[in-house]
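Chains as they are written, first to last, in this note's numbering: chain Z, 5 to 618; chain B, 5 to 618. Reviewing the structure listed below.
2 protein chains.
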Amino acid sequence: MPHLPPSVLDRVLPIRSWARVYSRQDLSRDGLAAVIVTVMLIPQSLAYAMLAGMPPEAGIYASILPIIAYALFGSSRVLAVGPVAVVSLMTAAALGEVAEAGTATYASAALTLAALSGAMLLAMGLMRMGFVANFLSHPVIAGFITASGILIAMGQLGPLLGIGVKGASLPELLDGIGGKITGLSWRTTLIGGLSLAFLTWVRRHMKATLRGAGAGPVLADALAKSGPVLAVVASTLAVWALEWQDAGVAVVGHVPAALPPFTLPGFSLALIRELALPALLISVVGFVESVSVAQTLAARKRQRIQPDQELIGLGAANLAAGFSGGFPVTGGFARSVVNADAGAVTPAAGIFTALGLAFAGLVLTPLLHFLPKATLAATIIIAVLGLVDLSILRRAFGYSRADFTAVAGTILVTLLFGVEAGISAGVLLSIGLHLWRSSRPHVAEVGLVAGTEHFRNILRHRVITDPAVVTLRIDESLYFANTRYLEELILQRSANAPGLRHVILMCSAVNEIDMTALDALEALNHHLRDRGISLNLSEVKGPVMDRLQRTSFLDQLTGSVFLSQHEAFRVLTTRAGEGLDARPGPRQSGGARGACDGPEFRSGRGLWPLGNGR
Amino acid sequence: MPHLPPSVLDRVLPIRSWARVYSRQDLSRDGLAAVIVTVMLIPQSLAYAMLAGMPPEAGIYASILPIIAYALFGSSRVLAVGPVAVVSLMTAAALGEVAEAGTATYASAALTLAALSGAMLLAMGLMRMGFVANFLSHPVIAGFITASGILIAMGQLGPLLGIGVKGASLPELLDGIGGKITGLSWRTTLIGGLSLAFLTWVRRHMKATLRGAGAGPVLADALAKSGPVLAVVASTLAVWALEWQDAGVAVVGHVPAALPPFTLPGFSLALIRELALPALLISVVGFVESVSVAQTLAARKRQRIQPDQELIGLGAANLAAGFSGGFPVTGGFARSVVNADAGAVTPAAGIFTALGLAFAGLVLTPLLHFLPKATLAATIIIAVLGLVDLSILRRAFGYSRADFTAVAGTILVTLLFGVEAGISAGVLLSIGLHLWRSSRPHVAEVGLVAGTEHFRNILRHRVITDPAVVTLRIDESLYFANTRYLEELILQRSANAPGLRHVILMCSAVNEIDMTALDALEALNHHLRDRGISLNLSEVKGPVMDRLQRTSFLDQLTGSVFLSQHEAFRVLTTRAGEGLDARPGPRQSGGARGACDGPEFRSGRGLWPLGNGR
């Protein structure tokens, strides 16, 4: 291994930062947390495997090696990686297109999907593309998770009631349920209904009841969180005692007692091509969800996570899942919160959890034989109903129509067409609405506030203006998406304005002028010149001015570039009577090439010839 | 027809604006222009039909009804609509995926493509979506057209030399040419080579030679523009006289003498699904090209065009093409410039051109029998080499790396993978690079310029600062793509800064704060409060403040919102010793809810309670 400076090695292998200072106290804390999380994860892994259309043991396998891989490369101390609800739903949607659930082809395709996702995440991490997560706005993420929660809950009504329901979207699910409601197995419905009722009571009242009975807060909390385990144990015993597995109640059945196998994902080009887009969507959604959880938990302890390193950690985890009989995984909210609340301090807690689950996979699996799927369905429904939060719509509606459109659109498309279409719609809507909004920027005509050097919107303030000079403050960068709109607007304002001699574009809010906008400014310059009006700029930012000076635009400019709007106004209102010279005017007060006195110059650091550094 | 006010009717049917005032002078001008354009268009229509893989008469049909449809609905006075080089290339690429060139299926699919494109354009026009054209930046358009020109020229080497060459991308074309170079027909190559040489001479030297021989400028110009027609006539006569059509020279062959037929495009769902994306790309590219041409020509005469109306005009034209045996069309540069230069004043010139071509289609087609395809190929090559302009790369490199990446990427992808991939890459690159750039905005720490009220970048100017107060001016709107970056930056700046008590975000360049950014500001507020630092805002724009006031953010804000940065600095540097109060501070100088004196207020129009209108 090449000799790298310790700091680089620390960044690449975050495990070094905590493993070297591991203490006995850390060990006991992590160990205790691991016990609690393992107990919680046994039913959850089985449930999410079922949600993903995978055999139950795949859920356990997917919770073992991936979390160890994350512990080596991830940057969060308490994130727990494994199967999660939304990603499992997306997995089922993706695999359902290429294979029949329950077949060997399906399970094999799941390995390919996980490995693909892992490779993509790793590649993005190495290319430091953590910023792609930024292209999902909060409202869109919230809307997507809400709609996914609804889809998951509806889909689980099938196993809950003992009817077969398949569908990747709300219309398909409703069709499926409606058609089969007559085929109910009353025993399954009974088990499912009782589990649901019990879990609901646990979530809402158990903690209070236990506290009332005198239990301490920590114990009450721990017992309340173990509701699903209690339901699993109780229903398994009931089915075993009553022998209902032969009376129509679907059970988990035989779960091989084994450690995660070493598996090779299929590398057929056709399969990769079919799964490429779903893998990308799963990677992005998984990453965004995981990073949100990790950041929330890190903030509690004043820790910070590194998004690019998180990509590498999650990539390694998914590759591990692909090579050990699992399916796509990511950092999960419920399991991570439980991990953190249970006292975990380092990722070693995750490693111990993995060992605990491996042990359970070897030893406890015979006990799962009689576990009814209806109970697992009930645990999923209760878990995801916590994800559904329609209040985001009301918040967005009150604040920003663009955000509201994005979140409402995302929810609708996800419900109507499934998760892949939904998240794609969310990204496109977020970006599209942002572009649309910035393609119609706010432009204020401004005037001078008497007695000051400030300029304010003529529509909102009492200001001084001059009929020969129009100042337009453009509240947006000038780039290809808004160029045409601005050209139109400026030309319209300067048409039918007799006596108008000078147009000033106040660029205090212009952070960029790209090539398309530059071409448009040149065209505008010519247009206005034909009408006998000069074009001037004021308050151009340093980086923007640097670029303009590398072009011929400033030479062609009929007017001047002013450092401050006040200077521009002062100079041009005194020159108003002169009209437009055919030659470009001298650069005023810009220091670009001129010697002028004025308060703006006494404090420069001598960088004036390079432009307005403001 | 419902009774609409005349102005609405004028907008919907632009024909009304010029038809009602049509004079005899207009008639003679338009008529003359039509004669010139018709003569030019006969070979060009055949050539572009060949380029699109269509039978030659389709080119003539596509130049008749579409231009009449445009004349009714389009907003340009001089735009000539018909087959153009780039769109014909895209047509061939799209149809090549669904049928074999030269078959009836191919021609039928072309009708569907044109009708689809027409319907999309019409829909976009009715929804006033003209702004979608803005999402192609100038450099990307220039790069795409340049690369398309290269592809077209390479592809035409086949017919020019008499070898069969097929390919939608440069690698395919080079493969095809390399493989067949031994199968050359020397006669074809001779004709092709002579045509090419003649046309090159015409383009470069003919006008000068004619002027030298004493011809007037207008006559010289007209003769120079009719170079292709001369080449066509000469080579047709040569082939006919020498009977070379039986000696290996491919000729146009039998062209039915007929008016455009009434055809029904196929409506099979499978075909529509396959052609939907290509139709969309053709619509957008055609629209962008057409609008550029129309705007350039309109600017010469101080006219303006309406992009949304142009969508409707082009939509009608393409629908007409689909129902009259044509293929996708748009406003063409060469034909429109010739039209305008020949003196056209209204779209009636286009109608007369259509009539002229219909006449030619009925009467002159037998004369085309012996027209060698090599000559048509030569006319195309000469025409498109005028489109190739690699200087855009140099310009972009010098001005903006983002623009350079977008144009270079577009050119490369177009050459390597074909036009559809190329234009898609161009759009994605333009938008993606813009988002990437605005996700890493320029943030300047600013200080007070002594003796003034201005604040400038501490790195570029000598300014006054205070260790207890940090002011960050964010040169970008706050939205989902840059939220994370800014959060990191602000937290980093305020970490390890002993003595820091107040952070001011100077929002003079912040045009929007979306929900994601709002959440981040709230989180930032909390983070800083935990560190004993207050968060303040200054110079918040009116529309932004209006929105913030509808949320609870301002109540939670530990600091205050100041109208001017100077006020913020003044107040906070005097309070620096006090430290952070747990309760939100009073809103200073904002007039939001406070009575403060100061020069900023004497001139307000009384709208202060609604926020800082600046």
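We treat Cβ as the ideally placed atom computed from N, Cα and C, and that holds for glycine.
Excluding the 5 residues preceding and the 5 following residue i in the sequence, name in chain order all residues of the same chain whose CB lies nearer than 7 Å to its CB.
i        : result
Z/Asp585 : Reliability of the predicted coordinates at Z/Asp585 is poor, the pLDDT of 45 falling under 50, and the value obtained from them is presented with this limitation in mind. Nothing listed; no residue qualifies.
Z/Ala157 : Ile385, Val388 and Leu389
Z/Gly257 : His373
Z/Arg587 : Below a pLDDT of 50, predicted positions are generally treated as unreliable, and Z/Arg587, at 37, falls in that range; the measurement from the model is reported next regardless. Around Z/Arg587: no qualifying Cβ.
Taking only the alpha-carbon atoms, compute the straight-line gap between residue i and residue j and give it to the nearest angstrom.
i        : j        : result
Z/Arg399 : Z/Leu246 : 50 Å
B/Met210 : B/Pro221 : 12 Å
B/Ala235 : B/Thr42  : 16 Å
B/Gly270 : B/Leu115 : 7 Å
B/Gln48  : Z/Leu525 : 35 Å
Z/Gly329 : Z/Ala298 : 26 Å
Z/Leu366 : Z/Val259 : 10 Å
B/Ile149 : B/Asp30  : 34 Å
B/Ile72  : B/Leu541 : 59 Å
B/Met44  : B/Leu227 : 11 Å
B/Pro282 : B/Glu424 : 7 Å
B/Pro59  : B/Gly216 : 41 Å
Z/Ile64  : Z/Lys377 : 16 Å
B/Leu263 : Z/Phe139 : 53 Å
Z/Ala118 : Z/Phe331 : 5 Å
B/Thr107 : B/Leu17  : 38 Å
Z/Leu200 : B/Tyr483 : 41 Å
Z/Ser296 : Z/Ala146 : 11 Å
Z/His530 : Z/Leu439 : 28 Å
Z/Arg591 : B/Val82  : Reliability of the predicted coordinates at Z/Arg591 is poor, the pLDDT of 38 falling under 50, and the value obtained from them is presented with this limitation in mind. Between Z/Arg591 and B/Val82, the C-alpha separation is close to 40 Å.
B/Thr267 : B/Asp312 : 28 Å
Z/Ala251 : Z/Ile181 : 22 Å
Z/Ser512 : B/Leu391 : 38 Å
Leaving out five residues on either side along the sequence, give the residues of the same chain with a beta carbon under 8 Å from the beta carbon of residue i.
i        : result
Z/Ser498 : Val474, Leu504, Val507, Leu532, Arg535 and Ile537
B/Leu452 : His458, Phe459, Val467, Ile468, Thr469, His570 and Phe573
Z/Leu433 : Val144, Thr409, Ala410, Gly413 and Thr414
Z/Ala364 : Thr42, Ile46 and Ile64
Only counting the same chain, and skipping five residues up and downstream in sequence, which positions put a Cβ closer than 6 Å to that of residue i?
i        : result
Z/Ala37  : Asn343, Ala346, Gly347, Ala348 and Ala353
B/Ala321 : Pro70, Ala73, Tyr74, Val85 and Val333
Z/Trp22  : Thr350
B/Gly231 : Leu203 and Val206
Run down chain Z in chain order and give the residues with a C-beta less than 8 Å from the C-beta of residue i.
i        : result
B/Phe573 : Going along chain Z, no residue has its Cβ under 8 Å from B/Phe573, so there is no contact; the nearest lies around 15 Å.
Since residue i meets chain B, which of its residues come closer than 8 Å, beta carbon to beta carbon?
i        : result
Z/Met519 : Ser141, His142, Pro143, Arg399, Ala400, Tyr403, Ser404 and Asp407
What does residue i reach in chain B if we use C-beta pairs closer than 9 Å?
i        : result
Z/Pro445 : Asn515
Z/Asn529 : Those do not exist, as Z/Asn529 stays about 13 Å from chain B at its closest Cβ, beyond 9 Å.
List, in chain order, every chain Z residue whose beta-carbon is nearer than 9 Å to that of residue i.
i        : result
B/Asn138 : Leu439, Ser443, Phe484, Ala485, Asn486, Thr487, Arg488, Tyr489 and Thr520
B/Ser80  : Those do not exist, as B/Ser80 stays about 15 Å from chain Z at its closest Cβ, beyond 9 Å.
For residue i, return the contacting residues in chain Z, with the cut-off set at a CB-CB distance below 7 Å.
i        : result
B/Glu480 : Asn515
B/Asp523 : His142
If we define contact as Cβ-Cβ less than 8 Å, is residue i a contact residue for chain D?
i        : result
Z/Ser287 : Checking the listed chains, one finds no chain D in this structure; the protein chains it contains are Z and B.
Just to make sure I have the definition right: I need the residues of chain B whose C-beta is within less than 7 Å of the C-beta of residue i. Which are they?
i        : result
Z/Ser498 : Near Z/Ser498 there are no residues of chain B at all, since even the closest Cβ is about 13 Å away, more than 7 Å.
> Per the contact definition of three or more C-beta pairs closer than 8 Å, is the stretch 266-281 of chain B in contact with the stretch 381-389 of chain B?
Replying inline: no
> Which residues, in order along the stretch 394-406 of chain Z, keep a beta-carbon less than 8 Å from a beta-carbon of chain B?
Replying inline: Arg399, Ala400, Gly402, Tyr403, Ser404 and Ala406
>> Using 8 Å as the cut-off, can you tell me whether the stretch 132-142 of chain B makes contact with the stretch 362-378 of chain B, which would need three or more C-beta pairs spanning the two stretches below that distance?
In response: no
> So does the stretch 74-92 of chain B actually touch the stretch 315-331 of chain B, counting three or more Cβ pairs closer than 8 Å?
Replying inline: yes
> Does the count of Cβ pairs from the stretch 511-531 of chain Z and the stretch 556-566 of chain Z closer than 8 Å reach three?
Replying inline: yes
>> To be precise: take each residue of the stretch 412-439 of chain B, compare its Cβ to all Cβ atoms of chain Z, and keep it if any distance is under 8 Å. Which residues remain?
In response: Ser434, Ile435, His438 and Leu439
> Taking any Cβ of chain B, which residues in the stretch 540-555 of chain Z have a Cβ under 8 Å from it, in chain order?
Replying inline: Lys545, Gly546, Pro547, Arg551, Arg554 and Thr555
>> Can you pull out the residues from the stretch 325-350 of chain Z whose beta carbon lies closer than 7 Å to at least one beta carbon of chain B?
In response: none
> Taking any Cβ of chain B, which residues in the stretch 115-135 of chain Z have a Cβ under 9 Å from it, in chain order?
Replying inline: Gly134 and Phe135
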